[in-house]
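What the sequence shown shows, in this note's numbering, is residues -5 to 116, in sequence order.
Report on the structure given below.
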Amino acid sequence: MAYDYTDLQQGDQIAYTEDHEDLKKSVRKFVAEVIRPASIELDKMSPDDVVKKDSPYWQCMRQMHELGYHTIFIPEEYGGIGLDALGLHIFFEEMAFGSIGLAVACGVDVFPTFFAAMILPE
């Protein structure tokens, strides 16, 4: 289902579902196993080493893509994960717990799909 994120108003209540809990657990596992260790390694590297082809940064980005995290804004019917507003909040909160830098990088990576998600079928 395509979500019209612009339709949400301050104070709207969104139900926390089992899907949200599953998302939280899976992202937290990814953060613990991949993001946090890579972040520690990246913090010790020079900027030139961080951007090299075999850097932990690119390994993280590849793994995020393998899990489909780059499709969080794309509705399921178009091949994405299609998170609702609460799901997006949970996703980025868990990612930021692991590394704010890698969470921002992931956000930048998925941002173009945000525009695709905003083009709702009328």
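Cβ atoms here follow ideal geometry from the backbone N, Cα and C, with glycine treated the same way.
Between the CA atoms of residue j and residue i - distance to the nearest angstrom
| i | j | result |
| --- | --- | --- |
| PHE86 | SER40 | 26 Å |
| CYS54 | ILE29 | 7 Å |
| GLU35 | PRO50 | 7 Å |
| ILE8 | TYR72 | 23 Å |
| PHE67 | VAL104 | 7 Å |
| GLU27 | LYS47 | 21 Å |
| VAL102 | PHE24 | 19 Å |
Unbroken alpha helix (DSSP H) run spanning residue i, endpoints
| i | result |
| --- | --- |
| GLU12 | 12 to 24 |
| VAL44 | 41 to 44 |
When the options are compared against residue i, the one with the closest alpha-carbon
| i | options | result |
| --- | --- | --- |
| GLU15 | LEU77, GLU71, HIS59 and TRP52 | LEU77 |
| GLY74 | GLU88, GLY62, ILE94 and VAL21 | GLY62 |
| ASP37 | GLU12, GLY95 and ASP13 | GLY95 |
Ranges of the beta strand (DSSP E) found wholly within the segment 51 to 107, counting only runs of at least 3 = none
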